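Here the structure is laid out as structure tokens; the discussion comes afterwards.
2 protein chains.
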Amino acid sequence: MAEHEFDLVVIGGGPTGENVADRAVAGGLSVALVEAGLVGGECSYWACIPSKTLLRPAAALGQAKAVQGSAQAVTGVIDARAVLRRRDEMVAGFDDSGQADWLKGAGVTLVRGRGRITAPRIVEATGPDGATVTLTARLAVAVCTGSVPVLPPIPGLAQAQPWTNREATAAESVPDSLVVVGGGVVACELAWAWRSLGARVHQLVRGPRLLAGNEPFAGELVAAALREAGVDLRMETETVEVSRVPGGERTVRFTTGGRSESVTAAELLMATGRRPATDGLGLEALGLGTAALADVDDDCRVRGVAGGWLYSVGDVNGRAALTHMGKYQARAVGDTIAARSRGEAAEPRPWTRWAATADHRAVPQVIFTEPEVAAVGLTEHAAREAGLRVRAVEYDLGSVSGATLFDPGYRGRAKMVVDEDRQVVVGATLVGPGVGELIHAATVAVVGEVPLERLWHAVPSFPTVSEVWLRLLETYGR
Amino acid sequence: MAEHEFDLVVIGGGPTGENVADRAVAGGLSVALVEAGLVGGECSYWACIPSKTLLRPAAALGQAKAVQGSAQAVTGVIDARAVLRRRDEMVAGFDDSGQADWLKGAGVTLVRGRGRITAPRIVEATGPDGATVTLTARLAVAVCTGSVPVLPPIPGLAQAQPWTNREATAAESVPDSLVVVGGGVVACELAWAWRSLGARVHQLVRGPRLLAGNEPFAGELVAAALREAGVDLRMETETVEVSRVPGGERTVRFTTGGRSESVTAAELLMATGRRPATDGLGLEALGLGTAALADVDDDCRVRGVAGGWLYSVGDVNGRAALTHMGKYQARAVGDTIAARSRGEAAEPRPWTRWAATADHRAVPQVIFTEPEVAAVGLTEHAAREAGLRVRAVEYDLGSVSGATLFDPGYRGRAKMVVDEDRQVVVGATLVGPGVGELIHAATVAVVGEVPLERLWHAVPSFPTVSEVWLRLLETYGR
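Heads up: the protein sequence lines correspond to chains A and B, in order. Note that full-length UniProt numbering gives residue 198 to position 198 of the first sequence, counting from 1, and the numbers run on in steps of one. Note that full-length UniProt numbering gives residue 175 to position 175 of the second sequence, counting from 1, and the numbers run on in steps of one.
The following block contains the structure:
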């Protein structure tokens with residue numbers, strides 16, 4: 001058993017862990033990063049990167065087909081094998097040496113193994129060969145282990161060997177048919193991706209609409225598009241049982257509207273949520289339950305740990321389970337630990353570099369279906385629930401000149417939620433082709449708390465789709 | 001001779017005049033709008049709308065061809081006839097009845113004729129039949145006549161009947177070949193458009209680079225793309241003479257590097273700048289020179305006119321010759337005239353609704369070449385010239401994950417100019433496919449004067465191209 005000492009030990013080498021480590025090293029600390037799987041994590045190999053790689057060709061082709069003149073040049077269909085080859089390149093064939101090299105270049109010591117906290121500031125890393133290294137963290141331990149899929153307790157499900165996001169993004173060929181269970185982001189993106197690559201897709205959704213945390217029109221527009229693309233979309237279903245012919249197809253039995261139905265497909269993707277990856281972390285040795293990692297201040301420091309040496313960052317703390325928010329928290333945490341090592345208080349006051357304030361106010365998300373969904377801040381419903389006096393305005397994106405030029409048949413919708421008392425934007429949602437790049441303007445407005453009166457001076461360039469920001473202000477009036 | 005009285009008479013019915021009129025009516029005023037040509041103006045028929053319609057198919061097709069999987073579905077080339085048909089639809093076959101109806105619906109009285117100011121607050125409108133209507137403006141006259149192309153005094157040019165932006169956006173077929181003289185926005189966009197539709201294109205540029213008002217890399221990247229697309233691009237040329245075989249091709253003789261050369265093509269586009277459209281406005285009757293319309297306060301009111309009844313709005317005042325900035329000024333002017341009619345001072349204090357403050361600080365522009373160029377605020381050079389202590393940072397857009405997912409061969413560049421004393425962004429430039437929709441985020445930051453420390457909390461969604469805003473902040477450091 002070797003012993004090693006570092007200022008900071010990071011458990012988990014996804015984007016969050018990488019960024020905690022990088023900022024801490026930049027702040028002068030020595031850092032060990034413990035990772036049992038691939039450096040780069042879920043995002044690089046089984047989520048953002050491969051899913052967007054699978055989705056982009058259909059979006060690009062759809063846009064070329066939507067415009068007279070370029071439409072005539074499109075005579076074939078998507079080459080799924082080429083898409084899968086491109087996906088393989090983007091995940092580097094599941095080889096993380098590039099990212100390991102990046103860590104090395106950044107001055108971070110990579111320890112390959114499963115990290116377990118055995119005592120305050122002590123992390124044991126058990127390598128693939130079973131050998132154990134004990135790491136001592138002089139200052140802090142940051143848990144950045146991310147999240148894992150939740151499989152509901154449905155009879156027959158385990159035996160049917162369903163896909164999770166991992167298998168669904170890593171598949172080596174297009175399944176003839178696929179059942180997707182779920183109505184959230186992962187479900188919608190992957191239903192869309194595999195449909196665009198040629199699979200027959202059934203999607204079973206528990207609730208009355210897709211993308212439930214968003215403005216209602218987001219789920220409605222995506223549902224309409226999925227159906228138009230041929231996805232057999234069923235709402236308000238309850239999955240009852242899964243069965244599989246050994247080595248063969250999966251049958252999912254579900255109830256809907258009091259009736260019992262079933263669908264059968266070559267593959268089954270369960271996209272029914274995720275939970276923090278806390279198994280085997282050794283929290284119990286610290287007298288902490290698994291929920292402890294969700295109990296953090298805005299500096300992502302776990303509350304109630306003597307000495308304040310434990311941080312919980314990214315998906316594992318459940319604040320905003322998105323790669324970019326994990327990285328955002330990571331910058332604050334890395335800087336904070338470094339600053340505290342120099343004796344600075346680095347108190348997590350709102351909007352300082354020591355606090356992940358945006359987690360509460362300005363979490364942006366882009367869903368790469370076609371149409372795309374892009375949102376930031378509060379929905380109208382959430383704002384009212386939070387007790388804000390808000391006024392929301394909507395605008396038909398297809399009525400914006402720039403949208404018509406982009407795609408003559410452009411369909412989409414935009415909404416802006418204004419806090420009437422402070423006269424600032426607290427939320428915005430856009431649905432339509434290509435809107436993913438439009439939302440950052442709203443994020444800057446929300447975070448900057450730019451008053452509406454001033455926002456009128458932020459003139460969108462004509463004729464871009466971004467002119468919708470003017471249309472929303474005009475709809476609000478002045 | 002009939003006599004008519006209105007609160008406000010607007011001369012010129014392009015987007016600027018339409019918006020002045022609309023806001024004034026919304027403010028309770030009676031408004032006549034005098035237009036000799038098509039309501040909707042240059043933008044709707046011979047600039048933004050048709051040029052972007054000509055450009056979009058190539059952009060859409062280029063993006064589909066750039067991605068493995070969709071590339072294989074593209075086997076043909078752009079159907080130029082379909083593009084021209086779409087252009088015809090977008091300009092409504094040069095029929096402005098839709099826009100005239102819109103004016104009517106907005107409560108604006110349209111007077112078809114050429115407007116001439118014959119005395120303070122008196123406008124004579126001479127219709128196509130030569131009949132004259134005299135309009136009295138009780139409160140104000142707003143000149144919104146836009147701009148016209150400048151043709152340099154080159155021997156043989158007039159006889160060669162060159163294209164201006166009008167003929168170049170309205171052409172009914174693709175010329176076999178085209179010489180473009182100029183290196184600005186109109187020249188680059190239309191060289192690109194006609195090249196993408198199949199014309200052989202020569203482009204003769206006077207200066208050492210394209211798009212001279214922008215960051216140098218903008219012109220360099222666009223020049224590289226034009227050349228790659230087969231445009232014969234010549235820099236530092238001086239056009240000496242133009243000649244034309246009667247009814248036939250045009251030959252342009254020019255010098256470059258001390259040598260005399262010539263190119264010959266079916267058509268010749270002169271894109272050598274524009275000037276305010278002040279001819280025939282009758283300014284001399286008011287004792288004003290043509291430059292008077294450029295001498296305005298931030299409320300676009302012409303200085304030194306007794307009674308302060310004359311406004312000059314949009315391209316004609318030369319503040320920021322762009323459709324969206326004309327509309328922006330128009331909103332301020334329409335509201336101001338209405339407010340003053342109610343006895344309010346409506347002083348044009350910075351960033352109030354009565355002032356076009358952004359004209360000085362935050363003019364965005366998108367150039368729809370491929371790569372697109374999008375910029376707002378000051379270039380580094382302009383900021384230093386203005387005496388600001390700035391620091392500029394750049395980032396390779398092709399290194400952003402979202403860009404690689406958008407287009408595996410993505411090439412582009414981003415730059416952010418920071419005022420070191422105030423710690424705010426004063427300018428930004430992006431060059432790359434699709435960046436036109438990214439710039440509004442920078443516009444909000446510039447206009448909102450959002451401090452850098454706060455901007456770190458505006459997290460771009462992963463994996464969008466917009467993540468470049470994070471990369472620029474990281475490059476700047478904190």
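Here a beta-carbon is modelled for each residue, glycine too, at the ideal position from N, C-alpha and C. Predicted model, so just to flag it, every value in this text is computed and none were measured.
For A:W351, the C-beta contacts it makes with chain B under 7 angstroms involve R454 and H457, in order along the chain. Neighbours of B:G434 across chain A, judged by C-beta separation under 9 angstroms: G434 and E437.
Think of a sphere of 8 angstroms around the beta carbon of A:P364: the chain B residues whose beta carbon falls inside it are V459, P460 and S461, in chain order. For B:G427, the enclosing beta strand (DSSP E) starts and ends at V424 to G432. In the DSSP assignment, A:S51 falls within the unbroken alpha helix (DSSP H) covering C48 to A66.
Pairing B:R85 with A:Q68 gives a Cβ-Cβ distance under 9 angstroms. DSSP, read as helix, strand or coil, puts B:G326 in helix. Rounded to the nearest angstrom, the gap between the Cα atoms of B:G289 and B:L473 is 48 angstroms. Around the Cβ of B:F94, a 10 Å sphere holds fewer than 16 other Cβ atoms; the residue is exposed.
Take A:L8, set aside five residues on each side of it, and the residues of its chain with a beta-carbon closer than 7 angstroms to its own are A24, L29, V31, A137, L139, A140, A142 and I337, in chain order.
For a Cβ distance threshold of 7 angstroms, residue set H440 of chain B lies close to A:W469, ordered along the chain. Just measuring C-alpha positions, the residue of A:G434, A:S466 and A:V316 sitting nearest A:V10 is A:V316. For A:D359, the secondary structure class from DSSP, reduced to helix, strand or coil, is helix. Uninterrupted alpha helix (DSSP H) stretches at least 4 residues long and entirely within the segment 336-390 of chain B occur at 358-361 and 380-385, given in chain order.
What A:K52 touches in chain B, judged by beta-carbon distance under 7 angstroms, is L405 and P463, going in chain order. Scanning the segment 185-261 of chain B for uninterrupted alpha helix (DSSP H) segments of 4 residues or longer gives 185-196 and 216-228, listed from N- to C-terminal end. Using a 10 angstroms sphere on the CB of B:K327, the tally of other CB atoms reaches 16 or more, which defines it as buried. Under a 10 Å Cβ-count criterion, B:P57 is classified as buried, with 16 or more other Cβ atoms of the shown protein chains found around its own Cβ. From the beta-carbon of A:Y311, no residue of chain B is found nearer than 8 angstroms; the closest lies around 19 angstroms away. Just measuring C-alpha positions, the residue of B:V465, B:Q63, B:G115 and B:L233 sitting nearest B:G282 is B:G115. About 6 angstroms separates the CB atoms of B:G318 and B:P276; that is less than 8 angstroms, so the two are in contact. Sixteen is the threshold: when 16 or more other Cβ atoms of the shown chains lie within 10 Å of the Cβ of A:K52, as they do, the residue is buried. Comparing alpha-carbon positions, the option among B:E172, B:A271, B:R234 and B:P120 lying closest to B:G182 turns out to be B:A271.
Against chain A, a Cβ distance below 8 angstroms from B:V450 picks out V444, V447, G448 and V450. For B:L322, the closest Cβ of chain A is nearer than 9 angstroms. Residues E372 and A374 of the same chain have their beta carbon placed closer than 6 angstroms to that of A:V435, with the five preceding and five following residues left out of the count.
With contacts defined as CB atoms closer than 9 angstroms, A:V83 and B:T75 fail to qualify as a contacting pair. Contact annotation: A:V231 and A:W192 have beta-carbon atoms nearer than 9 angstroms. Exclusion of the five residues before and after A:V205 leaves G183 and M235 as the residues of its chain whose Cβ lies within less than 6 angstroms of its Cβ. A:A414 sits away from A:G427, with the two beta carbons spaced by 9 angstroms or more. Residue pairing by DSSP places A:S312 opposite A:V143 in a beta bridge. Interface flag for B:L190 against chain A is unset, since no Cβ pair is found closer than 9 angstroms. In the three-state reduction of the DSSP assignment, A:Y395 falls in the strand class. Nearest CB-CB separation between A:A170 and chain B: not below the 9 angstroms threshold. Contact of A:M325 with chain B by beta-carbon distance below 7 angstroms involves V459.
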